[in-house]
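Trainee: The structure that follows is given in the form of structure tokens.
Protein chains in written order, with this note's numbering: chain A, 1 to 472; chain B, 473 to 887.
Right, here's the structure in full:
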């Protein structure tokens with residue numbers, strides 16, 4: 001019987017590799033810099049191991065794709081706080097990878113304590129990569145009105161203008177202070193854990209592996225429930241905040257940063273402190289009446305729609321994903337900036353006997369695939385693709401990255417972006433349909449564009465961006 | 473491919489719907505006669521309607537179906553209505569607050585997640601809300617109305633339990649517990665765990681004796697409440713008015729010969745209850761519950777208006793009323809002998825005439841296997857004339873060449 005183990009990619013990877021090495025699993029191709037998605041254990045020949053983005057691990061165990069996984073405590077709780085099912089069993093605190101979840105506020109905010117938050121009469125906006133825990137926090141405090149802004153990252157960029165509170169993970173309160181946030185409460189603290197699928201634990205013999213896990217020291221324990229412990233504020237900060245009535249522009253971090261930076265230079269827009277990794281979330285734009293924040297491009301369409309930003313440079317892929325979910329969003333594409341061209345494609349494993357979407361539909365009709373599993377970061381594009389092509393029945397499995405690892409075991413199709421197709425080919429995947437092409441684009445909030453106070457400055461900025469196009 | 477229904481969802485079959493309509497009809501007819509007007513609130517409401525303290529408990533909130541609407545880019549979440557009372561309060565505050573007293577009733581479904589998928593996640597309830605009715609007269613009206621409805625459905629031996637959330641709130645304050653402790657203890661009491669109240673430390677023997685009497689004895693008469701008052705410790709005098717409220721209800725129930733139990737451990741319910749709460753049981757099964765919620769209307773933005781209400785749990789009520797009675801209405805099947813268009817035209821005309829007189833008529837739509845009910849009427853076009861014949865399936869008697877009025881007469885005579 002093949003047993004299945006899921007391991008984390010990213011920041012837990014090197015500690016997990018060291019732990020597994022010490023425990024004697026004998027993985028040659030799972031270490032700090034390894035890129036293999038399917039490392040092999042010398043000790044357990046029948047063990048199938050796969051590497052996932054850390055946010056995807058708990059879900060993979062909950063749905064029964066994997067018997068065991070090593071996962072950060074924060075992401076386990078993010079899943080369990082919303083979905084109370086008993087599919088996941090926390091087996092062992094592994095004693096490393098400790099992370100805390102804090103609630104932070106801005107130094108410019110009037111909310112300086114949990115008590116202030118509770119007694120606030122208006123709407124409290126909470127930004128977080130952990131939307132379920134953020135909501136649980138709000139419900140636990142019995143906040144009368146609140147909104148949770150789920151984001152892909154750059155959480156610290158939002159307060160105070162665009163969120164009142166940020167729920168962020170950090171190793172200590174000092175990390176928040178470095179990011180200009182005042183920690184007001186700690187919600188969770190926990191290490192990496194070994195988790196198991198309940199049915200696997202009840203029905204399969206996992207003992208030889210569990211024994212190895214139990215040989216290690218457990219380290220400091222985790223706080224099992226969401227509990228709000230308040231933190232007294234003491235530090236003062238230096239930072240700047242957006243002025244009233246300023247035109248707000250969001251720029252991307254990550255791999256889009258270099259494209260954006262180059263384009264702005266060509267357009268003649270000067271900006272200080274906009275680099276990768278971002279030295280600050282608030283670089284200085286040398287343009288009167290406009291200010292900049294650096295956030296994740298995935299989050300921009302929503303943040304422009306809700307009026308947090310007037311303008312943003314993102315990709316058309318993320319704009320489309322937003323518009324498919326919320327067709328009435330007041331956000332529009334203003335300029336196609338032409339850089340960062342990628343295709344959004346439907347992808348299957350080479351072994352699947354299909355050449356196009358039509359073939360895929362026939363596999364479903366004939367029952368060779370009972371339910372089509374579509375893994376993607378673009379959940380709404382994937383949903384539309386499946387609906388438009390009558391790929392029934394289907395499920396969309398949201399992923400946070402490393403999506404190509406899902407095929408063929410944990411998904412049948414990916415909706416993925418690709419520049420050249422080389423990475424896909426390397427992973428033995430083939431493209432069966434190009435859904436759309438995407439390039440970087442300037443997007444704007446429709447209401448801001450009509451705002452007489454901002455219109456002139458926005459027009460000038462848009463005009464300047466257009467210059468970048470012509471001089472390219 | 474087998475397309476199954478959603479996990480935790482339920483189909484209601486014709487027999488279920490007959491029971492459902494029976495409960496609904498009994499509920500509506502009594503409510504109308506008592507001056508209650510029917511409302512229906514939307515299935516979708518904003519989540520924040522239910523998040524304030526004093527509305528739904530966090531435990532209930534953790535099971536609501538919430539999601540972002542199509543225009544949810546602003547982050548505003550909506551829910552499938554998890555409760556009937558809070559939306560009614562919202563409706564009242566939004567549109568009916570100029571009514572000094574609003575008597576509202578509704579038949580609505582509420583949604584709540586249930587982990588196993590074995591139970592239905594959608595429950596129907598018949599609710600009545602008396603907004604503006606003061607304490608305890610309003611409570612009395614609601615209890616009497618609920619009893620009448622249940623009795624009209626043939627549910628006779630109803631066990632009424634009464635308790636008082638307000639009494640516990642006052643009691644916890646009077647015991648000098650800090651706010652956090654008070655809310656913790658109240659939660660335990662509201663989930664039925666009243667015994668913990670008896671373990672509160674540092675109280676005098678007198679108070680302990682009183683708590684013992686309160687929690688361990690189930691009163692069955694006005695006398696019990698009078699007993700409580702007579703042993704009320706000095707420091708707890710503020711709960712006297714709560715006991716008086718209950719005594720008035722007890723007096724009323726005594727007057728109509730309705731048995732009841734004063735059961736302080738039956739306070740389980742929603743967080744919005746502030747005063748008297750009541751439950752109706754039949755053979756140990758909960759038929760409905762209700763109570764006073766004086767703080768809810770202000771909480772959803774209205775004035776300082778007292779209110780109380782109850783809801784009957786339709787599933788539970790349906791399960792005990794007699795819906796197994798044979799359902800065999802005397803139906804008439806109309807068929808066209810040759811299927812010519814003139815026969816079809818004639819069949820619609822004849823069916824319409826019979827239906828006007830209250831008969832259930834089905835048309836044979838080419839389903840040759842349909843055998844019909846009590847009577848079978850056949851239309852045949854012969855030389856541009858429609859010949860109507862009748863067969864009584866019960867005795868095999870057949871007649872032909874009937875005019876429409878003769879047909880009707882034959883059917884009515886043979887009933």
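Idealized CB from N, CA, C, for every residue including glycine. Small disclaimer: the values here were computed from a predicted structure and weren't measured.
Can you list the residues of chain A that residue 523/B reaches, using a CB-CB cut of under 9 Å?
Mentor: The answer, in chain order, is 138, 139, 142, 143, 144, 145, 146.
Trainee: Would you call the stretch 412-425 of chain A and the stretch 378-395 of chain A in contact, with 3 or more CB pairs under 8 Å?
Mentor: Touching, per the Cβ criterion.
Trainee: Should residue 172/A go down as buried or exposed, given a rule of 16 or more other Cβ atoms within 10 Å for buried?
Mentor: Exposed is the call here.
Trainee: Just to confirm the assignment, what range does the alpha helix (DSSP H) spanning residue 504/B have?
Mentor: Counting along the chain, the alpha helix (DSSP H) containing residue 504/B begins and ends at 486-505.
Trainee: What span of residues does the beta strand (DSSP E) with residue 435/A cover, start to end?
Mentor: Per DSSP, residue 435/A belongs to the beta strand (DSSP E) from 429-438.
Trainee: Check the Cβ of residue 530/B against every Cβ in chain A and list those closer than 8 Å, keeping chain order.
Mentor: The contacting residues are 139, 140, 142.
Trainee: With a 10 Å radius around its C-beta and 16 neighbouring C-beta atoms as the bar for buried, classify residue 65/A as buried or exposed.
Mentor: The residue is buried, with at least 16 neighbouring Cβ atoms inside 10 Å.
Trainee: Between residue 201/A and chain B, is the shortest Cβ-Cβ distance under 8 Å, so that the two count as touching?
Mentor: Residue 201/A does not count as touching chain B.
Trainee: Identify the contact partners of residue 305/A in chain B, using a Cβ-Cβ distance below 7 Å as the criterion.
Mentor: In chain order: 545.
Trainee: Would you call residue 445/A buried or exposed, if buried means 16 or more other Cβ atoms sit within 10 Å of its Cβ?
Mentor: Residue 445/A comes out buried.
Trainee: Can you give the beta carbon distance from residue 135/A to residue 148/A, rounded, assuming they're within the 8 Å contact cut?
Mentor: Correct: roughly 5 Å between the Cβ atoms.
Trainee: Using a Cβ cut-off of 7 Å, which residues of the stretch 566-597 of chain B contact any Cβ in chain A, in chain order?
Mentor: The residues in question are 587.
Trainee: Need the endpoints of the alpha helix (DSSP H) that residue 365/A sits in, please.
Mentor: From DSSP, the alpha helix (DSSP H) with residue 365/A extends over 357-365.
Trainee: Provide the residue span of the alpha helix (DSSP H) that contains residue 869/B, from first to last.
Mentor: It is not in any alpha helix (DSSP H) - residue 869/B instead sits in the beta strand (DSSP E) that spans 869-874.
Trainee: Please specify which runs of the alpha helix (DSSP H), each continuous and at least 4 residues long, are wholly inside the stretch 310-352 of chain A, giving them in chain order.
Mentor: Within the stretch 310-352 of chain A, the complete alpha helix (DSSP H) runs of at least 4 residues are 316-325.
Trainee: The stretch 118-133 of chain A: which residues have C-beta closer than 8 Å to a C-beta of chain C, in chain order?
Mentor: In the structure shown, chain C does not exist; the protein chains are A and B.
Trainee: Going along chain B, which residues have a C-beta under 7 Å from residue 326/A?
Mentor: Near residue 326/A (Cβ distances below 7 Å), the residues of chain B are 542, 543, 544, 545.
Trainee: With three or more beta-carbon pairs closer than 8 Å as the criterion, would you say the stretch 603-622 of chain B touches the stretch 493-508 of chain B?
Mentor: Flag = yes, the stretch 603-622 of chain B and the stretch 493-508 of chain B touch.
Trainee: Of all the alpha helix (DSSP H) runs that stay within the bounds of the stretch 688-725 of chain B, which reach a length of 4 or more residues?
Mentor: The qualifying runs are 694-702.
Trainee: For residue 466/A, which of helix, strand or coil comes out of DSSP?
Mentor: The answer is helix: DSSP assigns residue 466/A an H, G or I state.
Trainee: Could you name the residues of chain B that residue 489/A contacts, counting a contact when the two beta carbons are closer than 7 Å?
Mentor: This structure does not reach residue 489/A, given that chain A is present from 1 up to 472, and the question cannot be answered.
Trainee: Using the C-alpha atoms, what's the distance from residue 121/A back to residue 72/A?
Mentor: Rounded to the nearest angstrom, the two C-alpha atoms are 35 Å apart.
Trainee: Go through its chain and collect everything with a Cβ distance to residue 712/B's Cβ below 7 Å, but skip five positions before and after it.
Mentor: Closer than 7 Å at the Cβ level, and outside the excluded window around residue 712/B, lie 701, 704.
Trainee: Flag residue 533/B as yes if its beta-carbon sits less than 8 Å from any beta-carbon of chain A, otherwise no.
Mentor: Closer than 8 Å: yes.
Trainee: Mind checking who residue 169/A pairs with in its DSSP beta bridge?
Mentor: Looking at the DSSP assignment, residue 169/A forms a beta bridge with 101/A.
Trainee: Which same chain residues, not among the five before or five after residue 57/A, have their C-beta less than 7 Å away from its C-beta?
Mentor: So the qualifying residues of the chain are 6, 8, 69, 71, 75.
Trainee: Note the first and the last residue of the continuous alpha helix (DSSP H) segment covering residue 807/B.
Mentor: No alpha helix (DSSP H) holds residue 807/B; the beta strand (DSSP E) holding it covers 803-808.
Trainee: Compute the Euclidean distance between the alpha carbons of residue 328/A and residue 543/B, then round it to the nearest angstrom.
Mentor: Residue 328/A and residue 543/B: Cα-Cα distance of roughly 6 Å.
Trainee: Please report the residue range of the alpha helix (DSSP H) in which residue 75/A lies.
Mentor: Element bounds for residue 75/A: 73-80.
Trainee: Should residue 762/B and residue 781/B be called a contact, given that it needs their Cβ atoms to be closer than 8 Å?
Mentor: Yes, the pair counts as a contact, with Cβ atoms nearer than the cut-off.
Trainee: Roughly how many angstroms lie between the CA atoms of residue 792/B and residue 202/A, to the nearest whole one?
Mentor: Computed Cα separation, rounded: 39 Å.
Trainee: Rounded to whole angstroms, what is the Cα-Cα separation between residue 19/A and residue 653/B?
Mentor: Roughly 44 Å separates the two Cα atoms.
Trainee: What does the Cβ neighbour count give for residue 303/A, buried or exposed, with the cut at 16 atoms within 10 Å?
Mentor: When all chains shown are included, residue 303/A counts as buried.
Trainee: Skipping 5 residues on each side, what residues in its chain have a beta carbon closer than 7 Å to that of residue 427/A?
Mentor: Once the five neighbours on either side are set aside, the close Cβ partners of residue 427/A are 404.
Trainee: Got a sec, what are the start and stop residues for the alpha helix (DSSP H) residue 447/A sits in?
Mentor: Its alpha helix (DSSP H) spans residues 446-449.
Trainee: At the level of alpha carbons, what is the spacing between residue 921/B and residue 783/B?
Mentor: Past the boundaries of the shown model lies residue 921/B; chain B is included only from 473 to 887, so the question cannot be answered.
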